[in-house]
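Numbering (the numbering used here), first residue to last: 27 to 423. Have a look at the structure below before the remarks.
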Ligand SMILES: Cc1cc2nc3c(=O)[nH]c(=O)nc-3n(C[C@H](O)[C@H](O)[C@H](O)COP(=O)(O)OP(=O)(O)OC[C@H]3O[C@@H](n4cnc5c(N)ncnc54)[C@H](O)[C@@H]3O)c2cc1C
């Protein structure tokens, strides 16, 4: 196999683009990343990191550095409109970490491996012959170009890969507020955890993101104008969740509203993940509603797997075909389950509570629900294998 260095040009410095850049650079590729904004994205605040994502971060050597900035979760629960528990899962429940901290740590690792970044460099599209088309008017040619440019991907559009884009009935706004002393003290009793409370078609997800910060996601239907008001409408939200009034007041006064917007959930489906020497990755290829907290997880798993496929076969076309065949079934399973979970939004409370009780108790159902997070990413085992030490018997004295 030839070992001549190959070159990749990547559109987008999000989670997918950054992990692809690191994994390729670790395998000898030279890599350049184009990011249309002048800096890494902070919006979104807290990211749920499930075991599959943690394994990718392990494989690319940044797990410990990333987890130092976050919170280990020990419990996940759902509650109904009377604030009664409908499901409780105890044990390791992943971590929640600030989006900016994850992105900064990945970008620093990429830079240390020689990856270069072009900030304020918007990509207009891709040529399947192997080039990104930049808004400066120039072409950035490469052995492989990757569109990791998010849900509105210009690369995907230019390659004609979109098969459907569904806007769901619901969406969310996300905020971060300081944790109270009482909340921190409660960690010692229950263990820090994620709590998802439903009332009618609204949902409040709370999860500590560090010792000091609480991440809150507030979700409602697109038609629910009161639920989407920014800054948050305390009366409207307290009407649905009276026992959370104090939290809503804190959010109203303490969140940085310049950073917050309500986003509608979407599912993007694509006919293929590549054309010629151009591939798409992450939300560009398979955006999903965030109900399983797996959008970034899937982007990272598939980014690492792409680099492994390109290592296994130097033929780019063959590698891209093998990569998609390997990863697409689980990604589509994740999209389906994220959508199914979201359908609970419009179910009557009694049926929804029953569904959560079943999820907590029926092993088969729980395994399907947790299948993505329990997946062992391609490339993980090889990266974690200890380096073989040469036999010492024949060492010269
Ligand atoms: C409410 C909500 C909560 C979520 N919570 C979680 C969670 O807890 N856990 C989880 O795993 N996932 C979560 N997700 C999903 C997750 O945010 C996305 O799936 C993930 O960010 C996708 O990563 P990406 O790299 O594909 O795209 P992005 O993160 O969107 O990155 C794309 C990058 O490309 C840049 N870009 C865009 N267009 C261009 C262009 N033309 N040229 C150059 N650069 C460009 C963008 O500026 C951006 O930096 C959530 C999503 C939502 C909406």
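Each residue gets a CB set at the ideal place from its N, CA and C atoms; glycine is no exception. Quick caveat: nothing in here was measured; it's all calculated off a predicted structure.
Inter-residue CB distance, residue i and residue j (contact presumed, cutoff 8 Å)
i: residue 391; j: residue 384; result: 6 Å
i: residue 160; j: residue 147; result: 6 Å
i: residue 401; j: residue 361; result: About 14 Å separates the two Cβ atoms, so there is no contact after all.
i: residue 135; j: residue 88; result: 5 Å
i: residue 315; j: residue 194; result: 6 Å
i: residue 335; j: residue 345; result: 4 Å
i: residue 292; j: residue 192; result: 6 Å
i: residue 352; j: residue 331; result: 6 Å
i: residue 290; j: residue 322; result: The Cβ separation is near 18 Å, so there is no contact.
Where residue i falls, given that 16 or more other Cβ within 10 Å makes a residue buried
i: residue 50; result: buried
i: residue 3; result: With the chain covering 27 to 423 only, the question about residue 3 has no answer from this structure.
i: residue 109; result: exposed
i: residue 73; result: buried
i: residue 349; result: buried
i: residue 238; result: exposed
i: residue 412; result: exposed
i: residue 403; result: buried
i: residue 421; result: Annotation note: pLDDT 31 at residue 421 (below 50); position unreliable, no value reported.
i: residue 190; result: exposed
i: residue 388; result: exposed
i: residue 162; result: exposed
i: residue 263; result: buried
i: residue 399; result: buried
i: residue 410; result: exposed
Proximal residues to residue i (C-beta, below 6 Å), its chain only, five neighbours per side dropped
i: residue 199; result: 244, 286, 288
i: residue 371; result: 196, 227
i: residue 57; result: 34, 47, 50, 51, 141
i: residue 317; result: 364, 367, 368
i: residue 202; result: 71, 239, 241
i: residue 260; result: 274, 275, 278
i: residue 333; result: 49, 50, 53
i: residue 280; result: 203
i: residue 118; result: none
i: residue 145; result: 61, 64
DSSP-derived helix/strand/coil call for residue i
i: residue 419; result: Residue confidence is low: residue 419 scores 33 on pLDDT, short of 50, so the model does not pin down where it sits. Its coordinate-derived value is still stated next. Correct three-state label for residue 419: coil.
i: residue 27; result: Below a pLDDT of 50, predicted positions are generally treated as unreliable, and residue 27, at 45, falls in that range; no measurement from the model is reported.
i: residue 370; result: helix
i: residue 304; result: strand
i: residue 282; result: coil
i: residue 46; result: helix
i: residue 355; result: helix
i: residue 69; result: coil
i: residue 268; result: helix
i: residue 254; result: helix
i: residue 197; result: strand
i: residue 84; result: helix
i: residue 97; result: strand
Minimum C-alpha distance to residue i - residue among the options
i: residue 343; options: 81, 41, 169; result: 169
i: residue 379; options: 63, 204, 106; result: 106
i: residue 175; options: 90, 151, 411; result: 151
i: residue 354; options: 381, 181, 341, 306; result: 306
i: residue 36; options: 393, 218, 329, 205; result: 329
i: residue 375; options: 100, 111, 93, 80; result: 111
i: residue 406; options: 144, 268, 78, 325; result: 78
i: residue 320; options: 206, 356, 218, 409; result: 356
i: residue 54; options: 347, 31, 45, 44; result: 31
i: residue 69; options: 177, 296, 334, 125; result: 125
i: residue 62; options: 97, 180, 115; result: 180
i: residue 121; options: 100, 127, 138; result: 100
i: residue 94; options: 333, 250, 214, 83; result: 83
i: residue 42; options: 129, 291, 262, 255; result: 129
i: residue 234; options: 85, 86, 394, 102; result: 102
i: residue 222; options: 337, 267, 143; result: 267
i: residue 173; options: 290, 358, 299, 209; result: 299
i: residue 296; options: 310, 386, 284, 209; result: 310
i: residue 327; options: 138, 271, 45; result: 45
Cβ neighbours of residue i in the same chain (closer than 8 Å, five flanking residues each side left out)
i: residue 165; result: 153, 157, 158, 159
i: residue 183; result: 151
Heavy atom of ligand 2 within 7 Å of residue i beta-carbon
i: residue 239; result: The model on display carries ligand 1 but not ligand 2.
Proximal residues to residue i (C-beta, below 7 Å), its chain only, five neighbours per side dropped
i: residue 301; result: 154, 185, 187
i: residue 225; result: 107, 266, 267
i: residue 217; result: 100, 101
Within-8 Å CB hit, residue i to chain D
i: residue 81; result: Of the protein chains in this structure there is only one, and it is not chain D.
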